[in-house]
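Here the sequence shown stands for residues -10 to 287, where the numbers follow this note's numbering. By construction, the Cβ of each residue, glycine as well, lies at the ideal position given by its N, Cα and C atoms. Predicted model only: the values in this text are computed from it and were never measured.
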Amino acid sequence: MLEKFISLVAAMEPQGKLLQVQPLTGGVSAETTALTIQDSKGQIIKLVVRCHGQRDLERNPHIASDEFRLLNYLYSAGLPVPRPHFVDQGGMYLSRPCLVCSYIPGSTLTTPSSLPSYLKQMADTLACIHRLSIGKLGFLPQQEEHIAAWLSQPIEPLGNGLADEGRLILQATWPWKQNNSSVLLHGDYWPGNILWQNERLVGVVDWEDASLGDPLADLASTRLELLWAFGQQAMEQFTALYSLAHPLDTGNLAYYDLFAALEVAPKIENWGLAAATRRAMEDKLYSFAAAALAVITS
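Following this line, the structure appears as structure tokens:
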């Protein structure tokens, strides 16, 4: 494998030298590796190589080049994202498509000293993403196509008949009227994809699920993630902060909340969680979904 990385570096930086290869952990949908190289000017640079998984490649065979184009646009717009350096869509060097980006010094933050500041920075950054012009992003998929495809498939029971009832209601009411302009959706905006340095938000990573659609889709999935991470009050505080930064028609938020919960429910068992942690997450997810269903049926 080392020889393949040497070839990759030679393609990116013909006069460069590979100094270190370090596999990175934590990724689910992509295999990530940190490379330390010396460029043609003698500077030491740290890069991250992302090789997308088979599921993502089947969903979008051009996912590496699409993510490269998206990151280039976001970086140029001043968003806190990795700077894209190189893309190998054909899998010439690592036997599958890969994307090479700058390394952002920082780490995820699970116990912020100031939760209000943490939530405000997350909300403001998501609002900035949603305010971007999408005129040049027509190569991205439409979120409504993803929802429609999911609604056409059977899903795993969540318990107490909620999944079946929720699915039937979402199917019966689909397509939901879109009262907000379509925006760029990150698709997986949660604490695990946010990098911090000295409790300042410095990076938003893992853009392979990006699409175009109603901003409520991102808001709903992030609400669930924050419920898991910090509880009900933090989730509601984030929602209020985001709404101040990017006012929306939230009349259909319950539909997206319910969709976010039911879509992710069957995946939890594959996350390698301790039994107690899994039960706690499932309990919160059930409450989140039940609350959304109650709003829809009221």
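task: Report the three-state DSSP secondary structure of F288 (helix, strand or coil).
output: This structure does not reach residue 288, given that the chain is present from -10 up to 287, and the question cannot be answered.
task: In angstroms with no decimal places, state the Cα-to-Cα distance between T25 and I33.
output: Cα to Cα, T25 sits roughly 7 Å from I33.
- request: From the DSSP output, read off the bridge partner residues of T21.
  value: Per DSSP, L13 and R39.
task: Report the residue ranges of all beta strand (DSSP E) runs contained in full by the segment 175 to 254; include only those spanning at least 3 residues, in chain order.
output: Counting only runs of 3 or more, we get 183 to 186, 189 to 193 and 200 to 202.
task: Just grab the DSSP bridge partners of V172 for me.
output: Looking at the DSSP output, V172 bridges to G202.
query: In terms of residue numbering, what span does the alpha helix (DSSP H) encompassing V76 cover?
result: Per DSSP, V76 belongs to no alpha helix (DSSP H); it is in the beta strand (DSSP E), P73 to D77.
message: Just to check my reading of the structure: Y92 and L36 have Cβ atoms closer than 8 Å, yes? What is that Cβ distance to the nearest angstrom?
response: Their Cβ separation, rounded to whole angstroms, is 6 Å, which keeps Y92 and L36 in contact under 8 Å.
message: Whole angstroms are fine: how far does the CA of T162 sit from the CA of Q186?
response: In this structure, the straight-line span from the alpha carbon of Q186 to that of T162 is close to 43 Å.
field: Outcome for F51 when other beta-carbon atoms lying within 10 angstroms are tallied against a minimum of 16
entry: Note that residue 51 corresponds to His in the displayed sequence, not to Phe. Counting every other CB atom within 10 Å of its CB across the protein chains shown gives H51 a total below 16, marking it as exposed.
- prompt: What's the C-alpha gap between N61 and D77?
  reply: If I take the Cα positions, the gap works out to 15 Å.
field: Identified DSSP bridge partners for I285
entry: In DSSP, I285 forms no bridge with anything.
- request: Identify which residue in T100, A265 and L159 has its Cα closest to the Cα of L251.
  value: Considering only alpha carbons, the answer is L159.
- prompt: Distance, Cα to Cα, Q132 vs L201?
  reply: Computed Cα separation, rounded: 6 Å.
- request: Using DSSP bridges, identify the partner residues of S91.
  value: S91 has L36 as its beta-bridge partners, per DSSP.
- prompt: Helix, strand or coil: how does DSSP classify I257 here?
  reply: Helix at I257.
message: Here's the rule: buried if 16 or more other CB atoms are within 10 angstroms of the residue's CB, otherwise exposed. What is W196?
response: Answer is buried; the Cβ neighbour count reaches 16.
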